[in-house]
Amino acid sequence: MIRLSTVLIIVCAWSGFAAAQTTWYVDCTNPSCPGAGTVGDPFCDLQVAIQAANDGDTVLVGPCTYVENIDFLGKAVRVRSTQGAEVTIIDGNHSGSVVTFHNGEPVGAVLDGFTVTNGSSAGISCRQSSPTIINTTITGNANTTHWYGGGIYCGEGSAPFISDVSVIGNSAYEGGGINCGVGSAPLIQNALVSNNTATGPGLGGGIAFWNTSARILNTTVTDNRATIGGGALVHSFANPTLVNVTVSRNQTYAGGGTGIQFGNGASVTLTNAVIWGNIGSGSAIENNAGAPGTMTATYSDIQGGYPGIGNINADPLFLDPVGGNFDLTCTSPCVDAGRNNPGVPLPPFDLSGRDLRVIGPVTDMGADEVGVAWDLIGVPKVGGPPVSFSASAPASHPAPNVSEVYLSLGDGRGSGGIVVPGSGGRTLGLDPDSIFSLWLGLPTPLRQVTLSGCAGTTTTPVTVPASTPVGLTVHYAGLAWDLGAGRVTSVSPTKSAVTQ
Numbered sequence: 242m243i244r245l246s247t248v249l250i251i252v253c254a255w256s257g258f259a260a261a262q263t264t265w266y267v268d269c270t271n272p273s274c275p276g277a278g279t280v281g282d283p284f285c286d287l288q289v290a291i292q293a294a295n296d297g298d299t300v301l302v303g304p305c306t307y308v309e310n311i312d313f314l315g316k317a318v319r320v321r322s323t324q325g326a327e328v329t330i331i332d333g334n335h336s337g338s339v340v341t342f343h344n345g346e347p348v349g350a351v352l353d354g355f356t357v358t359n360g361s362s363a364g365i366s367c368r369q370s371s372p373t374i375i376n377t378t379i380t381g382n383a384n385t386t387h388w389y390g391g392g393i394y395c396g397e398g399s400a401p402f403i404s405d406v407s408v409i410g411n412s413a414y415e416g417g418g419i420n421c422g423v424g425s426a427p428l429i430q431n432a433l434v435s436n437n438t439a440t441g442p443g444l445g446g447g448i449a450f451w452n453t454s455a456r457i458l459n460t461t462v463t464d465n466r467a468t469i470g471g472g473a474l475v476h477s478f479a480n481p482t483l484v485n486v487t488v489s490r491n492q493t494y495a496g497g498g499t500g501i502q503f504g505n506g507a508s509v510t511l512t513n514a515v516i517w518g519n520i521g522s523g524s525a526i527e528n529n530a531g532a533p534g535t536m537t538a539t540y541s542d543i544q545g546g547y548p549g550i551g552n553i554n555a556d557p558l559f560l561d562p563v564g565g566n567f568d569l570t571c572t573s574p575c576v577d578a579g580r581n582n583p584g585v586p587l588p589p590f591d592l593s594g595r596d597l598r599v600i601g602p603v604t605d606m607g608a609d610e611v612g613v614a615w616d617l618i619g620v621p622k623v624g625g626p627p628v629s630f631s632a633s634a635p636a637s638h639p640a641p642n643v644s645e646v647y648l649s650l651g652d653g654r655g656s657g658g659i660v661v662p663g664s665g666g667r668t669l670g671l672d673p674d675s676i677f678s679l680w681l682g683l684p685t686p687l688r689q690v691t692l693s694g695c696a697g698t699t700t701t702p703v704t705v706p707a708s709t710p711v712g713l714t715v716h717y718a719g720l721a722w723d724l725g726a727g728r729v730t731s732v733s734p735t736k737s738a739v740t741q
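Start counting at 1 in the sequence shown, then tack on 241, and there's your number in the working numbering.
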């Protein structure tokens with residue numbers, strides 16, 4: 242799912258290229274290689290397309306495995322797969338970094354929708370550049386040429402925007418998954434950093450911070466391994482900011498901070514975090530006694546306790562941590578226990594992309610926000626008994642904050658309200674301008690609307706004229722949320738827009 246934050250970043254980045262230039266096409270299944278880069282005769286290699294492109298151009302890449310190592314050559318070019326990371330793979334063949342940004346690439350240099358694998362010097366390497374990396378999986382890379390960063394390396398003045406990525410199964414001496422190095426200032430959000438290993442001296446299984454001002458938001462760091470700093474190691478005067486992170490099930494082999502280890506003059510800011518269930522002889526968060534640093538932790542759930550305003554020491558009640566699901570259950574003490582203004586702008590949605598980042602009076606701790614992940618299910622039938630259209634939420638997402646549900650008729654501008662009894666919650670209002678993505682013909686007049694969630698299930702009969710298309714909307718404190726299939730493309734204090 243492409244979240245609003247990603248869309249806004251890219252729109253801003255490309256505003257300087259209003260006069261769009263060339264679109265180049267790449268598909269390594271083209272039988273007439275090397276191709277001409279057109280839709281009918283695409284290039285066979287990504288690097289050839291990048292060399293041909295100019296600032297502002299787009300490179301559209303068909304599904305295939307591209308065995309090559311690519312360099313953006315300092316260009317503000319958007320390289321985007323047409324069918325996503327699962328079927329569009331860049332394989333570095335163990336010949337250095339798979340994707341390189343070393344020539345001052347700006348935010349308009351975009352890598353969108355790939356699997357990056359088999360790199361031998363970080364899967365993606367950024368130096369003196371600020372590219373955009375989105376909707377990408379970085380996996381199976383092993384840094385064998387230098388210490389830093391198996392999956393992603395950000396160093397030497399780099400400031401990439403990295404969003405909606407999975408960094409899984411990579412290795413390096415320092416920062417098995419990600420290394421944020423000297424003078425870097427990356428913004429990493431909506432990331433899963435999992436099953437990475439810090440080998441050799443073993444410093445920072447998931448993420449290593451070294452003299453950096455990195456910001457990590459809406460991120461889960463889990464099942465990583467290291468000698469020191471199973472989830473993360475922060476050292477050498479680094480001053481990262483970590484907000485709404487979940488750090489769990491990471492492991493250390495020799496103590497030294499099963500979740501996070503910091504020291505050597507580092508200064509860490511930790512807000513709205515959950516640090517729980519990490520493995521090893523050390524504590525969840527540990528300061529290097531021989532070369533200490535400082536940590537300001539607030540509004541966080543830290544196993545074993547940690548001083549700071551709003552901090553708690555309580556089982557977060559993850560939905561299924563053994564199965565890798567770190568969503569919060571309805572009764573979690575982390576619900577509505579965070580802080581809305583942590584000093585950096587929060588993304589509009591949580592890590593899952595299903596829920597608004599703030600539902601209720603304040604945000605939750607961790608990468609997940611307990612809310613309502615709605616899906617309109619049930620198929621309309623002609624004749625027979627009333628059809629139940631169920632707007633259902635997983636067991637981990639409550640519905641007590643829902644007080645009214647609206648069935649919108651026609652174009653959504655003359656809707657009537659349906660009050661859901663006994664739900665408690667907030668004062669909500671109808672937004673007549675909501676746009677719906679899913680419209681259903683209803684040849685049978687009588688239908689039912691069912692809301693399911695932590696508060697139980699409420700079913701209300703609804704009578705509508707025959708063959709009237711409908712959209713179902715629920716309202717949270719002025720925000721309209723469509724219950725049809727689709728994705729949110731904009732959010733304002735008064736309405737949301739949802740499109741297929």
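Even glycine gets a Cβ: it sits at the ideal position worked out from N, Cα and C.
Note that this is a predicted model, so its numbers are computed, not measured.
Nonlocal neighbours in the same chain, by C-beta distance under 7 Å from glutamate 770, ignoring five residues either side:
The chain is shown only over 242 to 741; residue 770 falls outside these bounds and no answer can be derived.
For alanine 532, which of Phe478, Ala525, Thr329 has the nearest alpha-carbon?
Closest by alpha carbon: Phe478.
Can you tell which of Thr341, Val328, Asn554 has the C-alpha that lies nearest to the C-alpha of threonine 539?
Residue Asn554 holds the alpha-carbon nearest to the alpha-carbon of threonine 539 among Thr341, Val328, Asn554.
In chain order, which continuous runs of the beta strand (DSSP E) of length 3 or greater are located wholly inside the stretch 514-596?
Runs of the beta strand (DSSP E) inside the stretch 514-596: 526-528, 535-539, 559-561, 566-569.
Alpha carbon of isoleucine 448 to alpha carbon of glycine 281, nearest angstrom:
Straight-line Cα distance between these residues: approximately 43 Å.
Assuming proline 275 contacts valine 289 under a Cβ cut-off of 8 Å, what Cβ separation, rounded to an integer in Å, is found between them?
With a beta-carbon spacing of about 6 Å, proline 275 and valine 289 fall inside the 8 Å limit used to define contacts.
Alpha carbon to alpha carbon, what distance is there between tryptophan 517 and glutamine 544?
Cα-Cα distance, rounded: 5 Å.
Would you list the one or two residues that DSSP bridges to tyrosine 414?
Paired residues: none, contrary to the question.
So what does DSSP say about phenylalanine 677, is it helix, strand or coil?
For phenylalanine 677, the predicted model reports a pLDDT of 27, less than 50, meaning its position is unreliable; a value from the coordinates is still stated below. In the structure shown, phenylalanine 677 sits in coil (DSSP, three-state: anything other than H, G, I, E or B).
Limits of the unbroken alpha helix (DSSP H) element including glutamine 292:
Residues 287-293.
Could you check where the beta strand (DSSP E) with tryptophan 265 kicks off and where it finishes?
For tryptophan 265, the enclosing beta strand (DSSP E) begins and ends at 264-267.
Distance between alanine 400 and glycine 297 (C-alpha atoms, nearest Å)
Taken atom to atom, the span from the alpha-carbon of glycine 297 to that of alanine 400 is near 20 Å.
Is the CB of proline 562 under 9 Å away from at least one CB in chain B?
Checking the listed chains, one finds no chain B in this structure; it contains a single protein chain.
In whole angstroms, what separates the C-alpha of histidine 343 from that of arginine 368?
Distance between the alpha carbons of histidine 343 and arginine 368: 5 Å.
Checking the sheet assignment: what are the DSSP bridge partners for valine 357?
DSSP, once it has assigned bridges, lists Ile331, Ile379 as partnering valine 357.
In its own chain, which residues sit with a C-beta less than 7 Å from the C-beta of glycine 500, not counting the 5 before and 5 after it?
Cβ neighbours of glycine 500 within its own chain (closer than 7 Å, five residues either side excluded): Gly471, Gly472, Val488, Asn491, Ile516, Asn519, Ala525, Ile526.
In chain order, what residues of the same chain have a beta carbon less than 8 Å from the beta carbon of threonine 468, not counting five sequence neighbours either side?
Closer than 8 Å at Cβ, skipping near neighbours: Ala439, Pro442, Gly443, Leu444, Thr493, Tyr494, Ala495, Gly497.
Straight-line gap, proline 583 to histidine 387 (C-alpha atoms, nearest Å):
Cα atoms of proline 583 and histidine 387: separation of roughly 35 Å, rounded to the nearest angstrom.
Which of the three DSSP states is assigned to aspartate 432 in this structure?
Reading off the sequence, residue 432 comes out as alanine, not aspartate. DSSP places alanine 432 in strand when its eight states are reduced to three.
C-alpha distance - tyrosine 266 paired with proline 283, whole-angstrom precision
Here the C-alpha atom of tyrosine 266 lies approximately 5 Å from the C-alpha atom of proline 283.
Would you tell me roughly how many angstroms separate the C-alpha atoms of proline 602 and alanine 426, rounded to the nearest one?
If I take the Cα positions, the gap works out to 31 Å.
Could you tell me the boundaries of the beta strand (DSSP E) in which proline 442 lies?
For proline 442, the enclosing beta strand (DSSP E) has its first and last residue at 438-444.
Considering tryptophan 451, what are the terminal residues of the beta strand (DSSP E) in which it resides?
Residues 448-451.
Closer than 6 Å by C-beta to threonine 453: which residues in its own chain qualify, once you throw out the five before and the five after it? Chain order, please.
Result list for threonine 453: Cys421, Ser425, Ala479, in chain order.
Assigned exposure category for glycine 579 - 16 Cβ within 10 Å defines buried
Buried is the call here.
Run of the beta strand (DSSP E) containing threonine 499, from where it starts to where it stops:
Looking at the DSSP string, threonine 499 is not in any beta strand (DSSP E), and its letter there is neither H nor E.
Helix, strand or coil at alanine 467 [DSSP, three-state]
Three-state result, alanine 467: strand.
For valine 486, count the other beta carbons within 10 Å of its own beta carbon; 16 or more makes it buried, fewer makes it exposed. Which is it?
When all chains shown are included, valine 486 counts as buried.
Pull up the CB-CB distance for threonine 537 and glycine 549, whole angstroms please, since I reckon it's below 8 Å.
The pair is a contact, with the Cβ atoms about 7 Å apart (cut-off 8 Å).
The beta strand (DSSP E) that contains phenylalanine 342, what's its start and end?
Counting along the chain, the beta strand (DSSP E) containing phenylalanine 342 begins and ends at 340-342.
Where does alanine 473 fall in DSSP's three states?
Strand, per DSSP.
May I have the straight-line CA-CA distance separating glycine 523 from cysteine 571, to the nearest angstrom?
Approximately 30 Å, taken between the alpha carbons.
If you compare alpha carbons, which of Arg466, Ile429, Gly315, Gly607 is closest to serine 412?
When each option's Cα is compared against that of serine 412, the closest is Arg466.
If you follow the beta strand (DSSP E) that phenylalanine 766 is part of, which residue opens it and which one closes it?
For the chain, the structure presents residues 242 to 741; residue 766 sits outside this window and is missing.
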